[in-house]
Each structure stands twice: as C-alpha cells, then as structure tokens.
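First comes the structure, then the notes that go with it.
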Amino acid sequence: MVACSPLRSNVNLSRIVRTASCSGVSRLVACGHAKIDPKIARDGINTMSTDVRRSLPPVLRSLRTDGYQLVGLEQTTQSQCLYTFSFTRRTVLVIGNEREGLSPEVLQLLHHVVEIPVYGMPHSFNVATATAMALYEYCRQFPAG
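If you read the sequence shown in the working numbering, its first letter stands for residue 28, the second for the next number, and so on.
Next comes the structure, spelled out in structure tokens:
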C-alpha cells in the first residue's frame, strides 16, 4: 500500500499511481486536492483502489492499529538506507510532499524511515522517482507480491 501526503503536482501523483499499479500495489491513499490524470496513470487508475482523504495522520493511525508497518520515505537523521532495509509484507510506504517532505506529525507515527542514497546534486530525487525506486526495492524483496 502507498499513502501520499498532499502533493503539489498532479503529474507526480499520476506517475506514482502508474508505478504503484505496475508494482502490484492494491491500494493508494492520496491526501489533499489530489487529481489523477488518466493519460499519465494509464491503466493504473483502474487496477487498484484509490482513496482521497483530507488528512494523512488519521489514515496512518488506523492502518497502524490494523497491524501495518508504516515506512516513510524521507531524509532524516534517523533514516535507514533503502537498500539495506527489510520490508514486511504488510507495509505502507508513506510518501511526503515535494517541498516539505513528511510532516513532524506523520514522522512520529512511522515505524521506520528509509532514504535513498544521493551521490550528486540536488540532494534528493523527485517524489515520483523516489517512490518508484522504493517500490522496486519492495518488489525485489517480495517478487511474488
């Protein structure tokens, strides 16, 4: 499952939908004024459940209570490297906003935070690109879905 903070770009959200669908994700939660462009998301919009919610923290609290591991994709002093992190099958990948990342309130709800090593400038990947990399790593660990 993927849960997105309010994203500024509908293009980024639509790319995340397409990538998540290609990765076998069955549910995506988007927050804010999310709009998915079907030309970008392609069949992804039809192959998984997409929920649009007003705010992410209540959704994460509920998923945490339901036994999901909440893993944020963010650069923090406590982040673990994505490539050495072991996901569990019942994982929610939590994605931050393009400019602000994950809010302090969301960070407090997470079980783990992972980051993707960056070797040049700028210091971070585009949110849709980073999500694709994290989903690919999850799929590498669980190739059968």
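No residue lacks a Cβ here, since even glycine has one placed at the ideal position from N, Cα and C.
So, are the CB atoms of residue i and residue j less than 8 Å apart?
i: residue 137; j: residue 99; result: yes
i: residue 34; j: residue 127; result: no
i: residue 164; j: residue 108; result: no
i: residue 117; j: residue 95; result: yes
i: residue 83; j: residue 47; result: no
Which class does residue i belong to by DSSP, given the choice of helix, strand or coil?
i: residue 71; result: helix
i: residue 15; result: No answer is possible for residue 15: it lies beyond the span of the chain, which begins at 28 and ends at 172.
i: residue 76; result: strand
i: residue 29; result: strand
i: residue 47; result: helix
i: residue 54; result: strand
Given 8 Å as the limit, is there contact between the region 103-119 and the region 74-85, that is, 3 or more CB pairs closer than that? no
So within the region 103-145, which uninterrupted alpha helix (DSSP H) runs reach at least 4 residues, ignoring any that extend past its ends? 131-136
For the region 156-171 and the region 40-51, state whether three or more C-beta atom pairs, one from each stretch, are separated by less than 8 Å. yes
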